[in-house]
């Protein structure tokens, strides 16, 4: 009988061979493009109120030079940020996959510095954080932001309401109760000014952004490549820095709660399921679509009825408790968004070509539902296995003994890690197909993608972020100085190029999933699957 060789625990992070020259060039080029994007973000914010930066009043903070830059110059800067950022992310990920490794600590330290700078600059690319401040001010004054519109605050010459964005001036809040509480707290502590309230809201989302990075680093495990991937796809991801940190979008708070739910599910058991459910419900109480990730958590907990029940009870209780503190309008306003459209509507070209007019909402809703479910199912079947690591309850020797079964030498995934793959499938299925889409919604997907093995979905997700991100630029005003570039954006890019590109990405995701092309190139050397 042949003796079976002794099983040795795998090294947490094998020392890779020297990276090929092309990999090093790709990594350095990617970081260079990311650095360019981050620097230009800071420049846009520092220039002060412009076509991309709304006026928040005050002499600072948030600090700016109030240089009154030209509309076209700001628009070009914004486009450069998004294109260079998305391209740099994709190129750096390619270098990482082929063996490039930046100096230890470089990416996290650079990310913390970037977050610290962008958090204290005026918001750019959107006026949403001003809407948050106005709704928070309404709540702080004792009124219901789900009933009272910003127009009232503007009409009474309130120091916050005077800066209420025109586009949302007659719309009550559609955000979840937890978001409203955060907005009201910022308005209360912000000294009754738009600048102070916006600063606190941005600091809150910046803190949530960094907390998410820490939790993702923990979930990624000890492997250096997996941790670098997390920090590229989240911590130093220029698309997320632009929308979540500089833009101050509340989606960053929802992302932190979602990742906390994955971490809480960890060891399994009733208590872990209950805690994860409460955190998931809290994420959905910030923005409703985060509840889609519950499909992944439920799938991971399916083998323990008690854990699954606790998960559902925790999420349901958190949501019911949050919405019970508000009037029925909080829920009706949210449901009123069903059938709505946005500039990033991927079905726009199809329904316009069919000449459906007002009937397009019904068709788009049906197309989005069918396509979203199809993509989610295909991704559940076609994506590679999710992240793996030593099971928290399992001794190191036992995890090593099971390594040949898992096939990656990294042990058995925790329940939180096992939830990532199906959660990503359902969240991405909705994100790709929903008629209501904004680039900051990607904060729901990038943390999940960061925990997955590298693959073709990385480039497609980055491409989608660029395509949708460009639609909303410059973001602070609706009327720009006439120019050939702006005319092309309004007449060609928004109505034709962007939706067709979004459709092409959907087709690519479906085609690659059907062909099994997302399961590819498991690389033997260093740090994990590729």
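Numbering (my numbering), first residue to last: 245 to 774. Glycine residues also receive a C-beta, built at the ideal position from the N, C-alpha and C atoms.
- If you draw a straight line from the Cα of residue 359 to the Cα of residue 278, it is about 14 Å long.
- Here DSSP, grouped into helix, strand and coil, assigns residue 437 to coil.
- For residue 405, same chain residues with a beta-carbon under 7 Å away, outside a window of 5 residues either side, are 378, 381, 394, 397, 398 in chain order.
- Contact between residue 403 and residue 306 is absent: CB atoms are separated by about 16 Å, not below the 8 Å threshold.
- Contact between the stretch 467–476 and the stretch 693–703 is established, with three or more Cβ pairs separated by less than 8 Å.
- Straight across, the Cα-Cα distance linking residue 759 with residue 625 is about 11 Å.
- Taking C-beta atoms as the reference points, residue 434 and residue 339 fail to come closer than 8 Å.
- Cα atoms of residue 376 and residue 424: separation of roughly 8 Å, rounded to the nearest angstrom.
- For the stretch 467–515, the full-length alpha helix (DSSP H) segments reaching 4 residues or more read 468–474, 495–509 along the chain.
- One thing to note: residue 342 has its Cβ no nearer than 8 Å to the Cβ of residue 452.
- Rounded to the nearest angstrom, the gap between the Cα atoms of residue 344 and residue 332 is 14 Å.
- For residue 750, the enclosing alpha helix (DSSP H) stretches over residues 742–758.
- The residue among 661, 408, 610, 592 with its C-alpha nearest the C-alpha of residue 465 is 661.
- Note on geometry: alpha-carbon atoms of residue 479 and residue 490 lie some 13 Å from one another.
- Ranked by Cα distance from residue 361, the options 509, 492, 555 are led by 492.
- Buried is the label assigned to residue 372, since at least 16 other Cβ atoms lie within 10 Å of its Cβ.
- Shown here, residue 570 sits in coil according to DSSP, grouped into three states, outside any helix or strand.
- Our two residues, residue 389 and residue 417, have alpha carbons roughly 6 Å apart in a direct line.
- By the C-beta criterion, the stretch 705–720 is judged to be in contact with the stretch 318–338, since at least 3 inter-stretch pairs fall below 8 Å.
- Per DSSP, the continuous alpha helix (DSSP H) segment holding residue 701 begins and ends at 700–715.
- Secondary structure of residue 407 (DSSP, three-state): helix.
- Residue 615 sits close to residue 677, with the two beta carbons spaced by under 8 Å.
- Here residue 446 carries a helix assignment [DSSP, helix/strand/coil].
- Taking the CA atoms as reference points, residue 749 sits about 46 Å from residue 401.
- Exposure of residue 576 is indicated by the presence of fewer than 16 other C-beta atoms within 10 angstroms of its C-beta.
- For residue 469 and residue 283, the gap between their C-alpha atoms comes out near 26 Å.
- For the pair residue 720 and residue 296, the CB atoms are nearer than the 8 Å cut-off.
- For residue 268, the secondary structure class from DSSP, reduced to helix, strand or coil, is helix.
- Annotation: residue 680 to residue 590 spans about 9 Å, alpha carbon to alpha carbon.
- For residue 541, the closest alpha carbon among the candidates 522, 529, 530, 532 is that of 522.
- Taken through DSSP and simplified to helix, strand or coil, residue 398 comes out as helix.
- In terms of Cα proximity to residue 298, the closest of 370, 670, 436, 321 is 370.
- Between the alpha carbons of residue 581 and residue 531 lies a distance of about 12 Å.
- If you ignore the 5 residues before and after residue 550, its C-beta comes within less than 7 Å of the C-beta of 514, all in its own chain and listed in chain order.
- Classified as exposed, residue 751 has fewer than 16 neighbouring CB atoms from the shown chains inside 10 Å of its CB.
- Secondary structure note for residue 376: its alpha helix (DSSP H) is the uninterrupted segment 372–384.
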